Structures are given as structure tokens and as C-alpha cells.
Amino acid sequence: MIESNGRRVRLVPDLRQMLGPVLGLVLVIVIFGIIAPQSFLSVYNFKVVAAQSVIVGLGAIGMTFVITSGGIDLSVGSVIALASVLTALMMQQFDSPVVAIALGVGIGAVCGAVNGLVITGLRIVPFIATLGMFGIARGIAKYLAGEQKIDAPAGWIPELMAKEPSASWILVAPGVWITIVLGILMAILLNRTTFGTNTFAIGSNESTARLCGIQVRRTKILIYMLCGIFAGLAGVMQFGRLTVGDPTTALGKELDIIAAVVIGGASLAGGEGRISGALVGAVLMAFLANGCTHAGVPNYVQEIIIGIIIIAAVALDSYRHSGSR
Amino acid sequence: MIESNGRRVRLVPDLRQMLGPVLGLVLVIVIFGIIAPQSFLSVYNFKVVAAQSVIVGLGAIGMTFVITSGGIDLSVGSVIALASVLTALMMQQFDSPVVAIALGVGIGAVCGAVNGLVITGLRIVPFIATLGMFGIARGIAKYLAGEQKIDAPAGWIPELMAKEPSASWILVAPGVWITIVLGILMAILLNRTTFGTNTFAIGSNESTARLCGIQVRRTKILIYMLCGIFAGLAGVMQFGRLTVGDPTTALGKELDIIAAVVIGGASLAGGEGRISGALVGAVLMAFLANGCTHAGVPNYVQEIIIGIIIIAAVALDSYRHSGSR
Amino acid sequence: EHREGGHTTNPVVAVIPKGTSHEFWKTVHAGANEAGSKNDLEIIWKGPAREDDRDEQIKVVETFVARGVDAIVIAPLDDTALVPSLKEASGRGIPVIVFDSDIKWDGKTTFVATDNTRGGELAAREVGRLLDGKGRILVMRYVEGSASTMKREKGFLDTIASEYPGIEVVSSNQHGGATVEGCYKTAENLLAKYPDVDAVFGPCEPATFGLMKAIDDIDKEGTILLVGFDASDKLVEGLRDGKIAALVVQNPFAMGDLAVTAARSTIDGDDVPEFMDTGCTLITLENMDEPGNKELLNPPLDKWLNTK
Amino acid sequence: MIDSIPERSSGSDEPIRLDMSGIGHRFGGVVALDGVDLQVAPGRVHALLGENGAGKSTLMRILSGAIRPDEGRMMLEGEPYDPRNPRDARDAGVAMIYQELNLARHLTVAQNILLGREPSRIGLVRRSAARRITMDALDRLGHSSIDPDTILGRLSPGQQQVVEIARALVDNASVLVMDEPTSSLSLDDVERLFEVIRRLKESGVSIIYISHFLDEIMRVGDDYTVLRDGCNAGSGRLEQTTTDELIRLMIGRTIEDTYPRTDHGIGDPMLRIDDVVIEPGGSPSSLTLHRGEILGLAGLMGAGRTRLARVVAGLDDVCSGRIRVGSSLSPCDGSVRRRLDRGIGMLSEDRKDEGLAMDLSIATNTVLSRPSAVSTLGFTSRRRVTTATDGWRDRLGIRSSGPWQRVSMLSGGNQQKVALARLLHHDVEVFLLDEPTRGIDVASKREVYALLGNLASRGRGLLVISSHVGELLGTCDTIAVMHRGSIRETRAADEWTEREILNVAMTGSSS
Ligand SMILES: Nc1ncnc2c1ncn2[C@@H]1O[C@H](COP(=O)(O)OP(=O)(O)OP(=O)(O)O)[C@@H](O)[C@H]1O
Ligand SMILES: Nc1ncnc2c1ncn2[C@@H]1O[C@H](COP(=O)(O)OP(=O)(O)OP(=O)(O)O)[C@@H](O)[C@H]1O
Ligand SMILES: [Mg+2]
Ligand SMILES: [Mg+2]
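Residue numbers (my numbering), protein chains in the order written: chain A, 221 to 545; chain B, 221 to 545; chain C, 2 to 309; chain D, 106 to 616.
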């Protein structure tokens, strides 16, 4: 017996595992390619969708770590808003994009670290700890912004999200490239380093991780911090897109981000997660909304379709999984 | 051997377990009693808060079953909106409160059953399945309502939520009494029946439940249906409160409801849940919002305070738990 | 939609409201549809999927630009955030007509709107008149960062402060939030705290509605004077029953109509004025049945929304 | 034996209650069972034997309706039997004690025992009846002191095993399957279980008994069936066979000595426990472990052996006292990581909930505690991980389809070997082994004992916890006995007898 089923996991099957989300994406593109007007398949529209995927994409990279470790972060939407507000305030103050970006990302890191500390220190489940941060970060954002959006000089930050970048040879917005490059780096971090393995181990069985001497608390804090950093970066990008700091932005975005990560093949029970899949999930969500607008369907139809697609994509994945078992 | 620690649980400790949320509630009332003006402690204000707790309270009763079984239902907010819209439409059509209520609750049951079927049939985690329903139910509500509020004759339905009921001897809105009575019945269902034990068992260890011959699928479908029924009832009450069917109502209410249940001592990992606690949690959430308005603090402060209280209440509970171990 | 059959020759106009599920926008939609059919335009009506989310509205604009519509008619959720994407639209030869709320960009073809500050002033003067210049009042705000309602709130509060020193504003920092339920709950809590104010102001339909119900609950209808903004069936009924003292009503139907008509003119190369005021009117029990006002309160929605 | 089967099924002298024939099952590509037959008669104990991964548990899970066979047919009491789920099986009178504990930790003992079988009236649970039935079942197992209302999560693993067994008793089943019921029971509990089995047998219940303890098999069993690589390897009556013959059927060869001894000299002290109190108000324990020493820790369940080991490993806090390690015997405290760095590693008795990350691969689990051995600057080399894992798979004979197979797909015994592989990969100095042979087959057990000796001869110190006193006497140099949370007596192994150990374990002193 044995060996016949030599299920090597890794590399080649990695592609096979990606089949679920990629198939879903292709399906969405094909369907809208048929029902929506031609312009849906135009190069320009693809650039538009690419830029629209950046914020959810960045959020999804960080969230993949959290979900792989068996946690969840409901605060990312609020943290994005807070980071966008802080970036705007700093631009107002110092008019230096570098400083503003650093502080925007920094506040994300702080929120993430607080999440991690509350989860590990007070031993509160991530859902609740980050639900608290969901309100706190949003409240602070509104406070800082004086319950208003903030107009600030944007410097070159909007360039990051320019759909048609001034250097036209880079084809899509610099933000898209940043997301791709960070995605690759984070995929290496998750799959090829000790930190990544520890993330998987914690998600799979926390007491085993503890038994094996993994510093569970420290690792978790780092994971939530990482997620916060990416939320902060997404907030900066959000500021780039809006050119204003908006304390009410990205409300409910956490659900899109979580959906992207899960569509990408992560398991909310922990122990499974793929950055590449999460990014494909983010693009899929963007294509869905874009296609619905192209096809001119009313919002409520769009809401229903997105609901169905989320279920269908995950069902496909779980079906494929169960088949291979 | 040892045995000295033959810890009897039940009844008396049940009260002790309630200490966490009740303490939190008392604390909130005392704090606001001090900082807010006298009007906060008026009888009338307590009636207001009681009525305001009904919708989250009803939702929390159903959600307690779901969370105890180790699941989650993100769709309740949308289902509340859908039920309120359908109730309004049926009042428009038939002008019969009984028919309208039955159909409002019925649509909740249908949504819940669909959730249960998707979760068990397609083997999708509850978070994702109900996230799908979150969009679908909201979309259908908007479609049915023509993306608008529905003005309908309300019959005697608003009476249910009248803060000063016409029969003044019942003191608070009939809806409050309905919630309390249903709460007691459901507490019996959860703690004293085989269905309840099965709910705990599934939440505690699903494979054990299956191996012990519990019909896990059927039980789960029933659990989600129950949650849907309570969401539907909450939707009816929402219609009673607003006297219009509003497809955009209760957005994000699922998070309040989940927070109430968890503050009440349930564990999102499953296997733990208390109806009484969940109801106290709902009242606590209502008092928080009410107290903040009384104290005249701006909304962002309120958001921050609610975030902190959620964390604090759960931290208290988890601290007490770990202490007793 | 029936493009594959042949091709519709009618220009396509994208109308982008701030949201799709409020009666105000419904009425704008009806007006837009009417203008569309008058002017042989295909109207696509699409708001942001998440209401009040700037980024979502930008996405809608971007997508329409990618799709290549003939004109964009938009009620921007933000006076700055929408600028880059609208610039892009006009850079690609798509004229932009702005309605309801202004934008900090002079590339727009025209701006069609209610003067919201003036609406707030109208309401303030009515409160001042009804209270004879003295008393205690409160304002329940709508949602943080919503430009049009903030102008109304500001117009109202500034006028009270400057013209009616005898009127004390006991609370003006509570936001009801974007939903009717939220507005109602906040109104209840406010009135539990200040049950003896003389008048209240709601800067939009949900806020007014929430206040009306909360006043009703404590049996103070008519005692606490309610001055609100916008109309809906329930509010009109409230006005008739004396639960509402006055409503400042905009003309959303005309807004949709004028904006889309302006789009036609632009496509045809005709000149359009820079600003078009659709006006706002103070409606009370006395004048509510006057001919013009009657239509304002009951716009012909069914005719223009169901035919399509 | 084989010839007798047609005769039996024709129903002459021995009626057949359960008849499984031609059962086949595959997990993906792995053929777990290939045309297996099993016949069980009423009122008899049928032992099911085989190496780790032979397919015993799979066969029993098919019988209990937990999984469905790909092929084959089952007859129960002469009727076709095809359970679609465990409920069908229970309704048909088949009860099962699973190899891994299947308990809901949030529920009470009574709720666990009666799960799916609650006495109820119109859906309402009759609590007093439930209590009575539970106490009755626990009483039969000699554990009437376990309160039915205790939350299960508060019991020790041994007590949990008792609860698991009690659950099978309340079913009044006609066929009762026990998959390694004694793997975490203490000796006197085993005795009581055998007594229960005898009584059940008398009342006509058929029992299928799976165990890797052949002495137990010989004592309670009547008939046997041996599986090998998912096929029948032989069956018959136990009174007509010998242990050696059974071993030969299982592994294809015989084993001479159960407890192989490797020469190892005892060196300097390397772990010293001074007056350590593991539970508030408990008495202090002291212990010294030397290089090259195998020190056994005996005691009844709940005596605190696991806690003591966990305290040394840094997993639990110590109440008072001192722990010192290394050649300099310097104080040792801090996190698990710090202690692992100083060479203290622990094997958990609870492999499912603590020992292994079940959803991850064999390789990941093997290198988890010491990734530095297979990585540079934090970057893991997949090739080195594979090589390292393959080495341990070979040396320990872990039956698997490759280093990247998920641990959850392995049989119980092979999982245990993966957990051991991790400590070996980490190359710790002090091995804290809590029930290291739990669920391991005879042949592998011998390998593990050999491994222990080998480690000792290389100067490692080993602290071995086992509920199997024979095993301790056979392998250890020194044995310490614990009673109620502290070590009561420590002696060289050859100064102990089984009776004396039991005596100290039960009463706390040797007199
Ligand atoms: N869930 C599963 N998925 C894939 N393969 C499995 C699964 N469960 C068992 N197997 C495989 O089936 C074979 C038989 O396993 P089984 O658990 O029946 O062995 P066993 O005889 O009970 O062994 P042990 O004595 O170790 O408990 C093994 O090769 C094992 O790897
Ligand atoms: N009768 C009991 N009631 C409650 N808890 C108990 C009981 N017996 C043991 N425990 C718990 O188990 C721990 C001690 O048992 P431990 O697991 O260390 O013993 P052990 O000798 O390893 O026994 P086992 O063979 O059961 O593993 C204690 O921390 C105690 O909390
Ligand atoms: Mg087995
Ligand atoms: Mg132990």
C-alpha cells in the first residue's frame, strides 16, 4: 500500500491548490465578459480593477498571517481609516510624504501591537479584542479628524495609486507593484521561514506550539502587528486614492478582506493560509463589483451576487479538498 | 483519586457565573449615574433603555445557541432588515398584524434554515456561509422594498414596542416582556433538554457529538433556524419601533449582538453560552449608548468607550475563569 | 442592455447618487429618468455599493470612465476626494455635471443644487418665529462628515446664535448616524435627558423622522416644536397631524431633471450656466396644500420609476 | 482455523453474532483495509491484533458507522447491517470506545456519558435519572468517587478514559468495541475493567478488544484475529496459541526479549529537583537524574507524574522548590524555550491535543522545536527538512506515504513515533517522556525500549512516566513512586517488586 498516494504537499500542488480561487476569478471574468459591454475587457478597465484591488489586497496579506495563526482581526477597516486620517494630518503638519507614510504605517503597527497584547496579555479571543479595537480605532480617527474629513496637501502620495502612472512603462499603479512585491516577500516569510512555520503551528495547535518552545505570545503579537502594518499601509493608499483623510472610510472593509483571504484558501480554524490565494481573492472581489457596475445591475443585485460568489468560491474549495481526502 | 475537588457545578455557581456581566452592568449604571445628570436614573429612562434592548436582546437569544454550538451568524443584521421590510409589505398587502408577524418571523426561519443547510450541506464554515447571507438577505430586502423605506399601516404592532404601554400596569413595553419570557423558555431549552445538551456537545467537540450518534447536521440546521426565527422576530419589533420597513436598518447590528452574547459569558470557541448572560449583555450595550448620550459625550468617545467596555467585560470574565481554575 | 441586437444610438448618461436607498435619491432618480426620456438619453443609475463610502463612489466613477459613458452626473460624497477620478473622466472627454453637493474643482460643467446653508437658515428663522426668540432647543446631527447636512446644521446654528440670542441650544453634538434606527435611538436618549426643550431641529429625513417618533413617545407632539428637513410620506402625515411644525423641503425631482438636461445640452455642445439653484421651501400646515408645494411633497415617483 | 469458518457460519456449535466479510477501505490512495473478514460470537471476547497502522481502528470505525466501507458486507444477528452513521450503529446495539478520547470537555461527566442517550421526558432531560445511571456506570468501573456533575475538562486523562469507558457501558450494547481502552489506565483500573468485561461476557455481550498488551489479551481474550497491512493474517482461539505465535502473525517474525537492554553506565547528576511542590499545599518532592540513567516515575492516575514533568519542562508553574540542570547544576527556570535550549524536552501524554499539530505534516512536526537545525538565518531549507525527517522516519519505522503527509492521516502508533522523532531531532539532554509507548505495537515498543537504552548509553538522562509497571521494571535503572502529588520513595529498579510499587502508589509508604 502506502507510497502510491505519495501526496507531496508543496510547490507543484501549491499551484493545484490555487486552482480554486483562480478558477473562480476566471469564471467571474468570463461571465462578465459575456454580459457586460465590451469595455469590461479593455486594458484600461483591467488597470482600474488592479488599482481598486490594492487596499483589500494589502489588508489581505496581513490578514492571511492572522487567519493562518487561527485568529481574526475585525479592526482592519477602522485601522485603515485611522491611518488615512493620520497620514492626512501629518501631511498638513509637515507636508512630507515620507514622514506621513511612516506615521500612517506606524499607527497601524501600534494598533496591531495593542491587539496582540490584549489577546495574549488579557487572554481574550481575537474576535472580541479586535472588535474592541474596531470601535476604538474608529473613534480615535473621528476624534483626530474633528468628526470631519481632512483636506491636506497630498504630495506625491496619490501617484502611488494613479491608474495611469506618469511613467507609463510600469503599466499599472505603483501601488499594485508594491502589493505584488510585498505579497511575494510575505509569501516567503510565511512559507519559508521559522516565523512562518511558527504561525502555522500556532494556528494548527497552540499547545503543541507551546510544548515545542515556540514563543507563542511574542509570535502572536508580531502577527497582529504585521496585520496592523499592512492595514496602515492600506490606509496610506486609501489616502492616496481619496486625497483626503476620511474617518468614516473603509467601514465594513474587514469583511471584504476576510472574505478575500478565505476565498484564497485559508481556513478560519487556523493552520492553513496562502498569500497568493488571498491576493487572487482580493482581485476577484474587485472584479465582481466592477463587473456589476459595467453590467449596470442595481446595487441590491450586486450585494446578492457577491454573497453567492463568496459562498460558491469557498464551497468549491472545500469540495475539492474533501475530494482529495 | 484526589477527589477532594469534586466541583459541583450548576445552580448556585450559575449565579456566580452571571457575576461578570451583572457586575459590568451595575458598574456602567453607577458610573453614568454619577457623571450623567439625574435624568439618567429616572424611571422613564429605564423604560427607554428596556425597549431599546429588545432588538439586540432577541437577536442575542438566538445567537447564544449558534455561538454555543461553536458557530457564528453574521447575517442577523440583514435578516432583521429583511424581516422588517417583509412585515411592512405584508401589512400593506393584508393589513393583518398576525399574518405580517408570522411572515416576518417566517422569512427569518427561512434565512436561518438556508444558513444551516449551506453550512452542513456544502461544509462551509459558519463565518463565510453567514457572510454570504449577510449580502443576500440585505440585497433581497432592498429589492423587495424598492431600495426605499416602506410606509405601511402598522396596526397594533407598534404597541409591542410602546415604552409607555397603554396598559400601564405592565410597566415596560410588551416587547420587553416577550423577550424575557422567550429568554426563560430558551434558557430551559438550552440547559434542560436533549436539544440543548446536543448544542453544547457540538460546540464542545463536534466529532465526539457525531460519534455519540447525535444528528449533528439536523441539530445545526435547527440551531441556525432558531437564530433566524429570533432575528425575524427582532425584525418585526424593529418594524414596530420604526413603523416603517427599512431595508438599511440594523446594519452592523450583528456585531452588537455577538458582543452581547460574548459579554454574557459565551465562548466563541463553542461549548459555553448563557441566555441570561446574553440578555444582560444586551441591556449593558443599550445602557452604554444611552448613558453616553445623557452625559453628552460626542459619538466618537462613545465608540471608544464601547470598544473598551467590550474588552474589559470579556477580560473580567476570562480573568475570573482562570482564577477559579 | 439590448446592445447585441443592434446598437442603441442614444447617448449613455451615468447618474451617480450618494446612495440608493433614501427617498431623496429616489426622487432624484425619477427626475433624471424623466429628463432622460425627454432628451433621448439612456440613464444608468448607480450609487456606491456601501453608502456614504467615498472610496466606493470613486470606484463607481472609475468604472464608468472605463466603460466610456457619454456624460457623468454625480452627487459627490466628498468635495475633494472625488476630484482626481472626475478629472480623469473629463480628461477622457466625459463631461461631468455635479449636483446636490459641490466639489472643489472647476472642470465641472455645471452645479445643480439646493443652497443647504440657506435651508438651515430658513429652519432657524422658523424656530425663532415660533418661539418668539426665546427658549431652549436642541439639534440632533446626522452623520459625521456629511457635507450637505453639516451645512444645514451650521446654517441653522449660526442663524440662531446671531439672530436669536434668547434661544439656548442645549445640545448639538450628538450624531444620529446613517440609519433611521440610529437616529431614533439617539433621539429617544436625547429627549429622555431633555424632555422639556421647546423645539428641536433635524437636518435630514431620518433625523426628523427619529425625532418625530421620539417626541410622539413622550406625548409632547405639538409641545416640543419639530422643524425638519426633507419630505416622506410619514413626515407629510406628521405635518398634517401637527407633530411637525415645519419642514424645509428641497426639490430633488427638479435636481435630477435639471442635471440630466444639462448633460444633454453639454453633449450637444450647448452652453449651460455655472450654477443652478433648485431652491428650498419652508412648508407648514398652512401652506402644504398649495399647488407647487403639493408636488414637492408628493413627487411623481411611480410614473418615472416603474415604467423603466 | 480458516477451515472452521464455513462450519461456524452454518451455525453448528457456535452461533455468529457479527459477521464482517470482505471489508475494504481506502483513504485517498492508502489502502487501509483489503478484504478483511471478522466473525464474533456472543458472549466472547474477540481480540483484534496487529501492528500500528494495520487497520484495526479503521475496521472498528466501519463497524461503528463512523466511516463507511468501500466494499464488503456486514451481518449482525443474522440481519444485513449497514450503519450510515454512529447513531444507526448504536441503535443496532454496537457500542464503541475509541482509541483517542472522544469527550466534550465543557460538558459534565454525566452529560458526556449519556450523550445522545439522555433519559428524557418530552425532550426535557431527567436529571436525577441521568445522575443515577452515570453513578451506576462509574461504580462498576470502581470510580464512584468521580462526581457526575464535574466538568469533564477538569479530570486527568486517566479519569477521562474511565468516563469514555463508562459511556460504552450505559448503552447495553450487544457488541462492544474497545480500542486500546487501557492505554492510560493504571493497573488496578485495568483489573476492574477486566472484571467488568467478565460480567458483560456472562450476560452474553460480544466484546472486540484491541490492545498492544499481549499479556492482557491472553488474560481476557477468547478468540483472536490478526491483521497485517490491511489483510487478515490469521484467526482462531487464544487458548490454542502462544504470544510468540501472535507476534509472528503480526510482524512476520518473532521477538526474543521484550525489554532489550543496552549497556549504559550512570554518570554525573544532570537534573536535580529539590523540594519541588507542584500543587498548592502539596508535599515536596526531590529527585536526581544522572547522565545515562533511565528513571521511571510510577504512580496511580492523578498522582501528579504528568504535572511534575510539566513543571520541569516549564509548561506549568512550580509552587515552590528548585530545579537545576546541566553538569554545573545551575538553576533552571523561565520559558519552555529557555529550558529546551538547556536541553530539557518533553513528550506529552496527550498527543491529540498537545503533542502534535495534527493538520501539519510529519516534517513540520519533526523540526518544529528546533528549526535552526534546518535553516539559515531564519529561512528554512525544504531539502534539509526532508532529509532530516526521512532519517527519523526510517529509524523509527514511521509508516507513512512521505515526509509531507499530514499527521492526522497516520495511525495512532505512528503519530506517537512522530512525537518521539521531534525530541530526537531536537537532540535534548533530558528526555521527559510521559507514557512514551502509549498506543505503540509490540515490535515498535521493543524498538522504543532499545532507543531508550541507546540514548542512555550516549549519556542522556531519561525520565520515563508509565502506568505500566512491568515496563518500568523492565527498562529503568531507578524507579520513583508518586502518591498524591509528591515522590514518596525512590529506589534502584532491582530493589522494587511490582507489588511494592503498587503499595507505595496506593498508600504512600511501603509498610
Ligand atoms: N483519516 C485518515 N486519512 C488517511 N489515512 C488514514 C486515516 N486514518 C488512518 N489512515 C491510514 O490507514 C491505515 C490504518 O490505520 P488504523 O488507524 O486503522 O491503524 P491501527 O491498526 O488502528 O493502528 P494503531 O495500532 O497505531 O492504532 C494507516 O496506514 C493509516 O495511515
Ligand atoms: N480526581 C481529580 N479531580 C480533579 N482533578 C484531578 C483529579 N485527579 C487529577 N487531577 C488533575 O490532574 C493533575 C494531576 O494529575 P497528573 O495528570 O499530573 O497525574 P498523572 O500521575 O500523570 O496521572 P495520569 O495517569 O492520569 O496522567 C492535577 O493537576 C489535577 O488538577
Ligand atoms: Mg488504532
Ligand atoms: Mg499523566
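By construction, the Cβ of each residue, glycine as well, lies at the ideal position given by its N, Cα and C atoms.
If you're wondering where the values come from, they're calculated on a predicted model, not measured in any experiment.
Only counting the same chain, and skipping five residues up and downstream in sequence, which positions put a Cβ closer than 8 Å to that of residue i?
i: I254/B; result: none
i: L420/D; result: V441 and M451
i: S224/A; result: In this prediction, S224/A has a pLDDT of 27, which is less than 50 and means its spatial position is unreliable; what the coordinates show is noted afterwards. Closer than 8 Å at the Cβ level, and outside the excluded window around S224/A, lies no residue.
i: V479/D; result: V472, T485, S486, R489, V490 and A493
Taking Cβ-Cβ distances shorter than 7 Å, what residues in chain B pair up with residue i?
i: Y264/A; result: Those do not exist, as Y264/A stays about 28 Å from chain B at its closest Cβ, beyond 7 Å.
i: V230/D; result: R412, T413, T414 and T417
Can you name the residues that DSSP bridges to residue i?
i: I378/D; result: L392/D and I428/D
i: S480/D; result: T485/D
i: A200/C; result: I138/C and L226/C
i: D187/D; result: Answer is none; D187/D lacks a bridge partner.
i: H72/C; result: It should be pointed out that residue 72/C corresponds to Ala in this sequence rather than to His. DSSP lists V14/C as partners of A72/C.
i: T413/A; result: F484/D
i: H130/D; result: L138/D
Residues of chain A with CB closer than 8 Å to the CB of residue i, please, in chain order.
i: A462/D; result: F420, A421, S424, N425, T428, A429 and G491
Contact defined as beta carbons within less than 8 Å: I believe residue i pairs with residue j. What is the distance between those atoms, to the nearest angstrom?
i: D53/C; j: G94/C; result: Actually they are not in contact, since the Cβ atoms of D53/C and G94/C sit about 30 Å apart, beyond 8 Å.
i: G448/B; j: L309/B; result: The pair is not a contact, with the Cβ atoms about 18 Å apart (cut-off 8 Å).
i: G423/B; j: G491/B; result: 4 Å
i: S311/D; j: L123/D; result: 6 Å
Residues of chain A with CB closer than 7 Å to the CB of residue i, please, in chain order.
i: V338/B; result: I531
Can you pull the chain D residues whose beta carbon is under 7 Å from the beta carbon of residue i, in chain order?
i: G433/A; result: V441, R442, L445 and S474
Once you ignore the five residues that flank residue i on each side, which residues in its own chain have a CB closer than 6 Å to its CB?
i: G140/D; result: G127 and G129
i: R228/A; result: Confidence is the limiting factor: at R228/A the pLDDT is only 36, short of 50, which leaves the residue's position unreliable and the question unanswerable from this model.
i: A480/A; result: V276, A280, A498, G501, A502 and M505
i: L536/A; result: G240
i: G293/C; result: none
i: V232/B; result: Residue confidence is low: V232/B scores 41 on pLDDT, short of 50, so the model does not pin down where it sits. No coordinate-derived value is stated.
i: L453/B; result: L278 and V325
i: T160/C; result: E122 and A125
i: Q522/A; result: C512
Can you name, in chain order, every residue of its own chain whose Cβ lies under 7 Å from the Cβ of residue i, other than the five neighbours on each side?
i: G297/A; result: A470, L471, G472, K473 and E474
i: G167/C; result: G134 and K135
i: L48/D; result: Nothing about residue 48/D can be reported from this structure: the residues present for chain D run from 106 to 616 only.
i: V482/B; result: L488 and V534
i: L306/B; result: L323, G324, I327 and L364
What in chain C is Cβ-close to residue i, meaning under 8 Å?
i: P373/B; result: None at all; the shortest Cβ gap to chain C is about 11 Å.
List the residues of chain A whose Cβ lies closer than 9 Å to the Cβ of residue i, in chain order.
i: V250/C; result: Here the premise fails: no neighbours, minimum Cβ distance about 26 Å.
Find the residues of chain C that neighbour residue i, judging by a C-beta separation of less than 7 Å, and give them in chain order.
i: N510/A; result: T64
At a CB-CB cut-off below 8 Å, which residues of chain B make contact with residue i?
i: P191/D; result: R430, L431, C432 and G433
(message) Three or more C-beta pairs under 8 Å: does that hold for the stretch 245–255 of chain D against the stretch 447–465 of chain B?
(response) They do not touch, by the three-pair rule.
(request) Inspect the CB distances between the stretch 274–289 of chain C and the stretch 106–117 of chain C and report whether three or more fall short of 8 Å. (result) Yes, the stretch 274–289 of chain C touches the stretch 106–117 of chain C.
(message) Within 8 Å, do at least three Cβ pairs link the stretch 304–311 of chain D to the stretch 266–280 of chain D?
(response) Yes, the stretch 266–280 of chain D is in contact with the stretch 304–311 of chain D.
(message) Whether or not the stretch 526–535 of chain A and the stretch 339–346 of chain B are in contact is what I'm after, with contact meaning three or more pairs of Cβ atoms, one per stretch, closer than 8 Å; do they touch?
(response) Yes, they touch.
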